[in-house]
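Visitor: Could you have a look at this structure, given as structure tokens, before my questions?
Residue numbers (the UniProt record's numbering): 1 to 222.
Laid out in structure tokens, this is it:
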């Protein structure tokens, strides 16, 4: 029996013209569409199934180069984040690094992040070195893959499925920790309560014994 839980939110970020919208549509529909109008955020919904859970997923394809739309104090509201760069545009990797800095500062702790390089079908025009990306993934402790959104649905689907799985397991872990903390608190409270009840009984017992002695003495004197 499948159960439905609350929605997971995935944020797609990156420089203009790196293929964010093409990536999103490819993942959702298996189709590749090369041209998109930019300038506005687009939100899509799909279902993600993992074991016995059927989970609604909201994917936000962001047109902004900032994770918080220039609001420096706002926290990122996302369960998972994909940051896209183009392997034929070195500047897009620099913008990806800027986004990783913002995510590190603003995203909830342990939010899964996927750094995704697009356009591997244009390998002959590569500007982004593998070494630079490896250093970046070690620095920010994020997932990484390079794909051609234009050529392969499978190459896109696999890392996205893994990211959603990690996001779901993180949510379950957080909920489990909350329940565990609540359980620990209840156990401690129960033990403290038992100590005080035990102490009260110990204080009462001598008084009850003394009362019995007084009653016996009174009976003898009568």
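Virtual Cβ for every residue (Gly too), placed ideally from N, Cα, C. Quantities reported herein were computed from a predicted structural model and do not represent experimental measurements.
Across the stretch 95-105 and the stretch 9-18, are there enough close Cβ pairs to call them in contact, namely three or more that are closer than 8 Å?
Guide: Judged by Cβ distances under 8 Å, the stretch 95-105 makes contact with the stretch 9-18, as three or more pairs qualify.
Visitor: What does residue 47 pair with, by DSSP beta-bridge criteria?
Guide: Residue 47 sits at position 47 when you count from the first residue of the chain shown. 56, per the DSSP bridge assignment.
Visitor: Going by DSSP, what residue range makes up the beta strand (DSSP E) through residue 134?
Guide: On the chain shown, position 134 is the one that residue 134 refers to. Segment 130-140 is the alpha helix (DSSP H) holding residue 134; no beta strand (DSSP E) there.
Visitor: Where residue 143 and residue 169 are concerned, what is the direct C-alpha to C-alpha distance, given to the nearest angstrom?
Guide: Here residue 143 is taken as the residue at index 143 of the chain shown, counted from 1. Here residue 169 is taken as the residue at index 169 of the chain shown, counted from 1. Those two C-alpha atoms are separated by around 16 Å.
Visitor: Report yes if the CB atom of residue 152 is closer than 8 Å to the CB atom of residue 119, and no otherwise.
Guide: Walking along the chain shown from the start, residue 152 turns up at place 152. Walking along the chain shown from the start, residue 119 turns up at place 119. Taking 8 Å as the Cβ cut-off, residue 152 and residue 119 do not qualify as a contacting pair.
Visitor: Rounded to whole angstroms, what's the CA-CA distance from residue 56 to residue 172? Just pull it up for me.
Guide: As a first step, residue 56 is located in the chain shown; it is residue number 56 there, counting from the start. As a first step, residue 172 is located in the chain shown; it is residue number 172 there, counting from the start. Near 15 Å, if we compare the C-alpha coordinates of residue 172 and residue 56.
Visitor: Run through the DSSP bridge pairs and tell me what residue 61 is partnered with.
Guide: Position 61 of the chain shown holds residue 61. Per DSSP, 12 and 42.
Visitor: Whole angstroms is fine: what's the gap from residue 145's alpha carbon to residue 116's?
Guide: Locating residue 145 in the chain shown gives position 145, where the first residue counts as 1. Locating residue 116 in the chain shown gives position 116, where the first residue counts as 1. Roughly 5 Å between the two C-alpha positions.
Visitor: Is the beta carbon of residue 26 closer than 8 Å to that of residue 156?
Guide: Taking the first residue of the chain shown as 1, we reach residue 156 at position 156. Taking the first residue of the chain shown as 1, we reach residue 26 at position 26. Going by C-beta atoms, residue 156 is nearer than 8 Å to residue 26.
Visitor: Suppose contacts are defined by Cβ-Cβ distances below 8 Å. Is residue 154 in contact with residue 50 by that definition?
Guide: Counting from one through the chain shown, the residue named residue 154 turns up at place 154. Counting from one through the chain shown, the residue named residue 50 turns up at place 50. Not closer than 8 Å, so no.
Visitor: Leaving out the 5 sequence neighbours to the left and right, which residues in its chain are closer than 8 Å to residue 58 when beta-carbon positions are compared?
Guide: Stepping through the chain shown from its first residue, residue 58 is reached at position 58. Around residue 58: 7, 8, 9, 10, 43, 44 and 45.
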